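Residues in the sequence shown are numbered consecutively from 129, following this note's numbering.
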Amino acid sequence: MVSEPTFHRYVAMGDSFTEGVGDPDKSRPNGLRGWADRVAEVLATRTDDFGYANLAVRGRLLKPVIAEQLEPALKLSPDLVTIYAGGNDILRPKVDLDLLGELYDAAVGRLAVCGARVVVFTGFDLGHAPVFGKLRGRVAVYNEIVREIADNHGATVVDYWRFREFRDERYWDSDRLHMATPGHKQMAIHVLDTLGVPHDLKKPRLPKALPPSKKEKRDADLAWAKEFAMPWVQRRMNGTSSGDSVKPKRPSLEPI
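As C-alpha cells, this is what we get:
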C-alpha cells in the first residue's frame, strides 16, 4: 500500500500562473489567491508544522524566474517545489526553446538534488484559441522538453496539455490569458490528485453558458484588444513587464 504524502515546506516558483493572477482576493498578499494557495491550504491540514512560500511574479520569463527565485527557494530547504516557467517566453515573437530547456533542466536538477519533490507543468493546448492558437506547435515542443526534464530528474508532471475542460472559456479570466477563479480551483484539484494527496475540493460550479450574438462577440473582441492586447504589445515594445513593480507575495515559509 502506497502511503499518502505529507509535506512540511512547500515553495512555489514561477510567473503569473503560480502567483494567482485571475483569482482576486483582497485579503491575500498581492491581492491574489490562486491554485498554489489552495494547494497549500490542503497540505497545511496534514501536519502541524507546515510552511508555504510563493516566490512567483507575474510577467517573468524563464531566465529571470531561475535567476531570481532558484537560490531563495533552495535556502528555504523545501520538501515540495512547484515550478512553472516559459509561458511568457513562448508568447514572444522569437524564442529559443532548446536554450530554455537547458536552463530549465539545470534548475530542476538543482531542486531535485536538494531532496525536494519537484512538480513541473506542461503548457496548455492552445489549438482551439482564436488568437494564440498559432503557438500550438511551440507549446507542443516545449512540453516534450518538460517531459524529458522530468524524466531526467524524477520530477512529477502535471499535464496541463491534457486538461480538456480548460477549453471552456468560463475557466478563463477576461484577459483570455490567465485562469479565472474556477480555473485556479480546478488546477488545485489536478495538482493534489497528481501528488496523490487526499482532499475534499470540488469541481467548480460554472455559470450557465449562453452563446453570444455576433455583435456581442465583436464588442467583446474589441474590448479585449483595447484593454489587454494593445497594452501587452506596448509593454513588449517598451521592454517593460506587468511585474516590474511586483514583489513575491510570500517570500518566506509561513503558515497559511
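Cβ atoms here follow ideal geometry from the backbone N, Cα and C, with glycine treated the same way.
Source: prediction; values computed, not measured.
Apart from the 5 residues on each side of it in sequence, L202 sits with its Cβ closer than 8 angstroms to the Cβ of R238, L239 and C242 in its chain, given in chain order. Under the DSSP assignment, E382 falls in the beta strand (DSSP E) whose first and last residues are R378 to E382.
In this structure, the alpha-carbon of V325 lies about 44 angstroms from that of K342. Cβ neighbours of E169 within its own chain (closer than 8 angstroms, five residues either side excluded): I384. Counting the other Cβ atoms within 10 Å of the Cβ of H256 gives fewer than 16, which makes it exposed.
Counting only residues of its own chain and dropping the five nearest sequence neighbours on each side, V286 has a CB closer than 7 angstroms to the CB of V247, F249, H318, V319 and T322. Per DSSP, reduced to three states, the secondary structure at A172 is helical.
Straight through space, the alpha carbons of L227 and P221 are spaced by roughly 16 angstroms. One Cα belongs to L263, the other to L254, and the distance between them is close to 7 angstroms. Under the Cβ criterion (8 angstroms, minimum of three pairs), the segment 301–317 does not count as touching the segment 269–278.
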